[in-house]
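Protein chains in written order, with my numbering: chain A, 1 to 156; chain B, 157 to 936; chain C, 937 to 1200.
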Amino acid sequence: MNISLTINGEKITRDIATNLLLADFLRDNLRLTGTHVGCDTTQCGCCIIHLNNKAVKSCTMLAVQADGAQITTIEGLAGANGALHPVQEAFREHHGLQCGFCTPGMVMMGADIVRRLPGADEATIRHQLEGNICRCTGYQGIVEAIMDASSQAKGI
Amino acid sequence: MGQYGIGQPVRRKEDVRLLTGKGRYTDDIHFDGQLWAAFFRSPHAHAKIKSIDSAAALSVAGVRHVFTGEDMRKGGMKPLVADINFTDRKGNKMYKPVRHILPSDRACYVGEPLVMVLADSAEAARAGAELIEIDFETLPNITSTAKAAEPDAYVLHPEHGSNIAVHWENSAPDEVDALIAQAPHKVKIHLVNNRLIVAPMEPRCAVATYDAKEDVITLYSPTQGVRPAQAGFAGLLGIDKKKLRVISLDVGGGFGIRSKRYPETAAVAWAAKHINQPVKWRGDRSETFVSDHHGRDQVNDAVMGLDKNGRVIALRLETIVNVGAYSGDNGPRLPIDGGGRIIPCGYDIEKFYFSVKPVYTNTVPTDTYRGAGRPEANYIMERLMDAAAEECGLTRDEIRRRNLIPLSKMPYRTQMNFVYDSGDFIGTMDKTLELADWKGFASRRKETEKRGKLRGIGLASFVEQAGGRPTEEMRVKFDENGKATVFSGTFSHGQGHETVYAQMVNDYLGVPFDQIDFVQGDTDTTPPGGVGTFGSRSSMMGGVAIKRSCGQIIMKGKKIAAHLLQADPAAVTFENGLFRVGVSSISIQDVARAASDPAKLPEGVTPGLDESNLFEREPDLNNFPNGCHICEVEVDPELGTIEIVKYTALDDCGVVLNPLIVHGQVYGGVAQGIGQALTEDAIYDAESGQLLAGSFMDYGMPRAHHLSMIEAHFTDDQPCKTNDLGVKGAGEAGACGAPPAFVSAVCDALTPYGVKHIDMPLTPERVWTAIQQAKAHKAA
Amino acid sequence: MQPFNYHRPTELADVVKILANSEDPKLLAGGMTLLPTLKQRLAAPSDLIDLSRIPNLQGICEDKNEIIIGAMTCHADVAASDMVRAFCPALADLAGQIGDPAVRHRGTIGGSVANADPAADYPAAVLGLNATIETNQRRIKNDDFFTGLFETALEPGEIITALRFPRPKRAQYQKFRHPASGYAVVGVMVAQFDAKARMAITGAGPNAFRPHAFEEALTGSFTAKAIEGLTLDPDELLSDMHASAAYRAHVALVLAKRAIGLIS
């Protein structure tokens, strides 16, 4: 089936199998390998992208369902000039990553949290991360980073 | 020490790449013409294989090959025999079953890979694997750790006649038993140390290519060090290790289970050569649950005798460790001469009997997992001390104060023959009590009780040992433009070595931080003596080798600088990147440039500024990170749910090279410890032998909301005395401190009910049940 | 995932036609349960019919004393809806506790209700809040809808189009969350309407159910004290590695009392 969508600002048209997952389409067909797959039960959140500006798990969506959509992946989150997104910057500042595997999904989720809940407190952010698993950091730097970016977004 | 020097919280060089999706992991590689592998795995815990029929699988469109283990054996694949040897007190050797890569005669655990299918797509390979037909004759099974050691247990490997691989003892028990029998105070505990799924976030993966002309297999796979993987897999493949190149790109976490000789990885490498075509296998998370090694899984029985002052007289400890269906390279070692050799940890105990029975069961093999025996050992000692405090009528801190090894006894030789070089165990505990406001707990408890909840506080004083294998090699090389590159024998998979080693080179050689490159994870470039990253060893081994390499660079640089400045080498000094003689100076970059030009070198000096150091320490000169962790919890007595409300850690990691990164190690270790204690449990069904917690839907990985902020501190007065840097390991301490501190806190919260102990994980139902049982007991 | 024919009709009538003419069709709403099932090759439908482009299946509106939520409305939209929050805060709270934020951006109320997972949250709202399930063919009363484990009263060719919730005087949802899956080990909805009180429990039984003795007691007096002494029979509840039936029965009681306590 033929699909057309916009990924990181670029219009893309491809003829793909209907049973292709969006995560596999991004990774295998488009070689946008920043989006990771860490589980097969929609739990870990490594594959989170923004679909029409909302965080979704790309492992639990068919690529054909994204026909016509606007998608941002981790590769497209930073500004065109290469400036890191405030959430990316905060992850670096607060040591919010170690091995880096969950990081793209965490950052995309973090950006979504900051958009929806500027000024969110620690408890809210911890619950908002229910669908993202990290095995390295104990979440400390991640939560600190999102809190920081979230308070910046609110101008605190 | 500048902004990027040793001891600074330098932000990581790795991060921009990883934060922008430019990390490169094994699954990101594709080769044209690659075939995808899928494995048919045993659906049974234990079954005889009567026949294997591949015809239906081969009829699937896109399926190209089906290989059994028999095919692989004919093609040179060797069986896997663990590199471990123990004997019992009578001299009987440990029994090690032969493990075939894809066995064709018998399946010994659910998920054991039995047949490999190769196809044009991952989808076709999976479809083919589903159609493999095996005629199984199911056999009885045994999965329980405790039951496997019983005399009438079903025996998994009948040729041995028992599931117990070896009954190892440190001594005869008689003296200890006699002392305990006469002791005025006795405590007895029975602990289950729950089996865990390690689950680094990147599922295991392997890609292999074959160069027929050079007869070299290149294997891409996430490891914790390419050299051990190269040696291990070359051995299995029956080839010279020069004929196997191993490359690890970015690796999504390790925690001890990477670098192991996994059957799927060996099969992928074998197949690439056999069919002379690239082969790729991407493990699903559900597959990794039943194929990556598991962690922990011990049952411990301990009896301790104390005198009337609460001083330990003698300790008797019996451990059963479930090593799974076969012995991995470490499973049986962990309690004996792996991490568990730290027992009895920080306590000054003279009379100690220790028995270990590794048992074989129809489960995934267990192996090293963060701490690898040390968390288990510290958990035993800390639960014993809590029990002893109650028995002797002392507070939990006082019983420890009376039994911890005092600073005055350092250096201290332990019962298991380690020598602790440094560590102020009592002082560290006392400081932690202050940091956590232990004294103020009573008022916090009252405040909690007003809200209808219970509050508890618990502490754990722990010691662990870091170092692993006693050699490591690092190389520091300047190119002709004066840029430095670290070629690392250790392997960073989240630990930030690119940053920390650059801090060191910046500090020692004055090279700007951003002018230092980092290369790791390729047997073509990794120093030959490289080992890898596990056992909290990278700074104490790799770090020392870097420091010594830099020292060699300075030595050679002085000769070249002297030649260029026309001075006596002995008169040349080096500081902040400059070689100086009197008022003249030359930068190390200029020396490096000159070094590439033989014409500019003094006689007898070889071109290049490129030094390697193979650091070898005395095998038993590990170092001994230690610390005290205090956890505070609130328990909802109606539901049994637990919330961590305060966590304070004081860690003695010796000299801290980058506090940002070391804090990260503490947080991560604590989270894994809390995970073990609160949510994680790899449960097997006793009847079917199926792994019940087989995915992230059932297995409780700790999430952000299960944890609280951790307040972490470091001691600054106990540098390690046995290495050049004064560093101690930092990676595994959290996993040692958190489980006992947490369990102690919950039991403290349940004091009103008289609950003494609950086995991990402390699920709401277990807590609730313990409360109900205690209430019923009181009523009766 | 096995291959299938993918359809993305823009008319409900076309959905009915494709359903009728396909060998083993499945409706695709948010896909939060269906796609993992397909990925694990546990199902292999011949045809997938994506409902996302059918007009009028999305959105929330009020009609007299009912709130009507289109079947394809995602959980995040229900949770964030000011209209829902003003009408029945418990419903918004429940939607905001399903799965995780990314799942809530895709999962839909119609998909969840049609799937009838014994541990899903929405069934507690459907029963506890006395909802009506509107399909392309009829309106189904909530008590007639859930017929068993993953089973409903939906006929072949029948498609949920909306959920209609009457306005309760007050309601509250309490959830005991599974630490790994995020589903309800037990979820309890209590609600007070003019004439009577309702209570529904999800997660604990083969499907969500109303404990009638509790409802009668609460109709008499909408207080935690009113249900003191009442119990659930563990023999009728689920028992698994995560929670025994006895524990589930206990948790349901605690949650019910807490829910009532929070609003009375």
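Just so it is clear, CB atoms sit at the ideal spot from N, CA and C, and this is done for glycine as well.
Just so we're clear, the structure is a prediction, and the values are computed from it rather than from any experiment.
Anything in chain B within Cβ reach of A:G98, meaning under 8 Å, just list it in chain order.
This sequence places Gln at residue 98 of chain A; Gly is not what is there. Per Cβ cutoff of 8 Å: G409, G650, Q651, G652, G820, G824.
Pick helix, strand or coil for B:Q433, following the three-state DSSP scheme.
B:Q433: coil per DSSP, three-state reduction.
Would you mind giving the Cβ-Cβ distance between B:E538 and B:Q454, rounded to the nearest angstrom? I have them listed as a contact below 8 Å.
Between B:Q454 and B:E538 the Cβ distance is about 15 Å, and since that is not below 8 Å, they are no contact.
Can you find a C-beta in chain B that's less than 9 Å from the C-beta of C:Q938?
Chain B, which has a Cβ nearer than 9 Å to the Cβ of C:Q938, makes this yes.
Report all residues from its chain with a CB closer than 6 Å to the CB of C:Q938; omit the five preceding and five following residues, and keep chain order.
If we look at C:Q938 and ignore the five residues flanking it on each side, its Cβ neighbours are A980.
Here's the rule: buried if 16 or more other CB atoms are within 10 angstroms of the residue's CB, otherwise exposed. What is B:V254?
B:V254 should be labelled exposed.
Can you list, in chain order, the stretches of the alpha helix (DSSP H) that have 4 or more residues and sit fully within the segment 435–515 of chain B?
Qualifying alpha helix (DSSP H) stretches, in chain order: 441–445, 489–492.
Can you name the residues of chain C whose CB is closer than 9 Å to the CB of B:T519?
The premise fails here: B:T519 is roughly 16 Å from chain C at the closest Cβ pair, so nothing lies under 9 Å.
Taking the alpha-carbon of A:I12 as reference, which of A:T72, A:G45, A:G138, A:A123 has the nearest alpha-carbon?
Comparing Cα positions, the closest option is A:T72.
Taking all protein chains shown into account, decide if B:V739 is buried (16 or more other Cβ within 10 angstroms of its Cβ) or exposed.
B:V739 should be labelled exposed.
Assuming A:V87 and A:I146 form a contact by the criterion Cβ under 8 Å, report the distance between their Cβ atoms to the nearest whole angstrom.
That pair is a contact at about 7 Å.
Applying the 10 Å Cβ sphere with the 16-neighbour rule, what's the burial state of B:E788?
Classification for B:E788: buried.
What in chain C is Cβ-close to B:D854, meaning under 8 Å?
By Cβ distance, chain C contributes A1116, S1117, M1177, H1178.
Interface residues of chain C around B:W924 at Cβ under 8 Å?
By Cβ distance, chain C contributes Y1183, H1186.
Can a CB atom of chain A be found closer than 9 Å to the CB of B:A362?
For B:A362, the answer is no, since every Cβ of chain A falls outside 9 Å of its Cβ.
Cβ of C:L974 less than 9 Å from any chain A Cβ?
Chain A, which has a Cβ nearer than 9 Å to the Cβ of C:L974, makes this yes.
At a CB distance below 8 Å, what residues from the segment 198–228 of chain B approach chain C? Give them in sequence order.
If the cut-off is 8 Å between Cβ atoms, the segment 198–228 of chain B has nothing near chain C.
If contact means a Cβ-Cβ distance below 8 Å, which residues of the segment 1105–1139 of chain C contact chain D?
Absent from the structure is chain D; the protein chains it does hold are A, B and C.
Can a CB atom of chain A be found closer than 9 Å to the CB of C:G1093?
So no, C:G1093 is outside the interface.
Examine chain C for any beta-carbon lying closer than 9 Å to the beta-carbon of A:K57, and answer yes or no.
With 9 Å as the cut-off, A:K57 counts as an interface residue toward chain C.
Using 9 Å as the threshold, is the C-beta distance between B:L806 and B:L591 below it?
Taking 9 Å as the Cβ cut-off, B:L806 and B:L591 qualify as a contacting pair.
Just how far apart, CA to CA, sit B:D209 and B:R625?
About 44 Å.
How big is the Cα-Cα spacing for B:G502 and B:R631?
Whole-angstrom Cα-Cα distance: 36 Å.
Using a Cβ cut-off of 7 Å, pull out every chain C residue sitting near B:E921, in sequence order please.
Chain C residues near B:E921: A1179, S1180, Y1183.
Here's the rule I'm using: 16 or more other beta-carbon atoms within 10 Å means buried, otherwise exposed. How should B:P434 be labelled?
Classification for B:P434: buried.
In terms of residues, what are the limits of the beta strand (DSSP E) holding A:R50?
Looking at the sequence provided, one finds His at residue 50 of chain A rather than Arg. Taken as a continuous stretch (DSSP letters only), the beta strand (DSSP E) holding A:H50 covers 48–51.
Label B:A622 either buried or exposed according to how many other C-beta atoms from any shown protein chain fall within 10 Å of its C-beta, with 16 as the threshold for buried.
By the neighbour-count rule (16 or more Cβ atoms within 10 Å), B:A622 is buried.
Would you give the residue range spanned by the alpha helix (DSSP H) that C:F1101 belongs to?
Note, C:F1101: premise wrong, no alpha helix (DSSP H); beta strand (DSSP E) at 1096–1102.
Let's see if you can read the secondary structure: which residues bound the alpha helix (DSSP H) around B:A543?
Taken as a continuous stretch (DSSP letters only), the alpha helix (DSSP H) holding B:A543 covers 530–548.
For B:E358, which residues in chain A fall below 8 Å Cβ to Cβ?
Here the neighbours are H36, G38, C99, F101.
Is it buried or exposed for C:R977, if we count other Cβ within 10 angstroms and need 16 for buried?
Exposed, because fewer than 16 other Cβ atoms sit within 10 Å of the Cβ of C:R977.
Interface residues of chain C around B:E794 at Cβ under 8 Å?
Result: V1190.
Going by Cα to Cα distance, which pick from B:G232, B:A423, B:V826 is closest to B:F195?
Nearest C-alpha to B:F195: B:A423.
Just to make sure I have the definition right: I need the residues of chain C whose C-beta is within less than 7 Å of the C-beta of A:T41. Which are they?
Neighbours of A:T41 on chain C, chain order: P972.
Span of the beta strand (DSSP E) holding B:D792?
782–792 is the extent of the beta strand (DSSP E) around B:D792.
Classify A:Q152 as helix, strand or coil using the three-state DSSP reduction.
Note: A:Q152 maps to helix in three-state DSSP.
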